[in-house]
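Inspection log for the structure reproduced underneath, given as structure tokens.
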Amino acid sequence: MKQILEFLPLIIFFLVYKFFDIYVATGALIAATLIQLIVTYLLYKKIEKMLLVTFAMVAIFGTLTIVFHDDNFIKWKVTLIYMLFAGLLIGSQLMNRSIIKSMLGKEIEAPEKIWRNLTFYWAAFFSVCAAINIYIAYNFSLETWVNFKVFGLTILSIINLVGTIAYLYPHLPQEENDKE
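Position in the sequence shown (first residue = 1) + 226 = the working numbering.
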């Protein structure tokens, strides 16, 4: 259920864009993200900071897109969110408080070097996605950018997640097999 909630605003944005335009789709994205926030709270009685930050960025840049009738704002939102996440990861690591370790460290025991490498890996991933987003936003059509935002970034995220799991695999808890 949680995964569906995470992708719902993106799916709604894409579908509304295909039937209307970027401005109506942006309004739908703002509304869908607000609904996502409310439903998440009702179901789980808490809201993760990442979701709050994402909603704030969607609300601010989405509103600017609609008010000024300029799709550049919504295009920049993606890059700014990714750069913010990269900055937070690097900053947390520089303060020896890895965000990734704090999220996964209770379930996975790994050396500090693994958490450090993973933190910089994710920061690099977010930075690369931010750069690719800007490149596509300003060198290709709006249609291409929307498709990249919805499908390209999703596929890149899945590939990155698989890489993360492969990297952490040796440190995942192993179930003991009592059968002889």
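No residue lacks a Cβ here, since even glycine has one placed at the ideal position from N, Cα and C. Small disclaimer: the values here were computed from a predicted structure and weren't measured.
Considering only the alpha carbon of each residue, which of Y395, I248, G317, S318 lies closest to T370? On the sequence shown, position 144 is the one that residue 370 refers to. When each option's Cα is compared against that of T370, the closest is I248.
Put E369 into one of helix, strand or coil per three-state DSSP. In the sequence shown, the residue the question calls residue 369 occupies position 143. DSSP places E369 in helix when its eight states are reduced to three.
Looking only at its chain, what residues have a beta carbon closer than 6 Å to the beta carbon of M309, apart from the 5 residues adjacent to it on each side? To locate residue 309, count along the sequence shown from 1; it is residue 83. The answer, listed in chain order, is A356.
For Q400, three-class secondary structure by DSSP: Mapped onto the sequence shown, residue 400 falls at position 174. Coil at Q400, not helix or strand.
Can you tell me whether P235 is buried or exposed, with buried defined as 16 or more other CB within 10 angstroms of its CB? In the sequence shown, the residue the question calls residue 235 occupies position 9. Buried: at least 16 other Cβ atoms inside 10 Å.
Note the first and the last residue of the continuous alpha helix (DSSP H) segment covering M321. The count along the sequence shown starts at 1 and reaches residue 321 at position 95. Neither: M321 is in no alpha helix (DSSP H) and is coded neither H nor E.
Is H397 closer than 8 Å to I325 when the C-beta atoms are compared? Here the question's residue 325 lines up with position 99 in the sequence shown. Here the question's residue 397 lines up with position 171 in the sequence shown. Cβ atoms of I325 and H397: not closer than 8 Å.
Cα-Cα separation between I340 and Y395, rounded to whole angstroms: The residue you call residue 340 lines up with position 114 of the sequence shown. The residue you call residue 395 lines up with position 169 of the sequence shown. Distance from the CA of I340 to the CA of Y395, rounded to the nearest whole angstrom, comes to 11 Å.
For N359, does the count of other Cβ atoms within 10 angstroms reach 16, so buried, or fall short, so exposed? In the sequence shown, residue 359 corresponds to position 133, counting from 1. Flag for N359 reads buried.
Could you say which of M283, L314, A312, I316 lies nearest to F299 if we only look at CA atoms? The residue you call residue 299 lines up with position 73 of the sequence shown. Closest by alpha carbon: M283.
Please determine, among A251, F281, T252, the residue with the shortest C-alpha to C-alpha distance to L263. For the purposes of this step, residue 263 is taken as the residue at position 37 of the sequence shown. For L263, the closest of A251, F281, T252 by C-alpha to C-alpha distance is F281.
Three-state secondary structure assigned by DSSP to P337: For the purposes of this step, residue 337 is taken as the residue at position 111 of the sequence shown. In this structure, P337 counts as coil in the three-state DSSP scheme.
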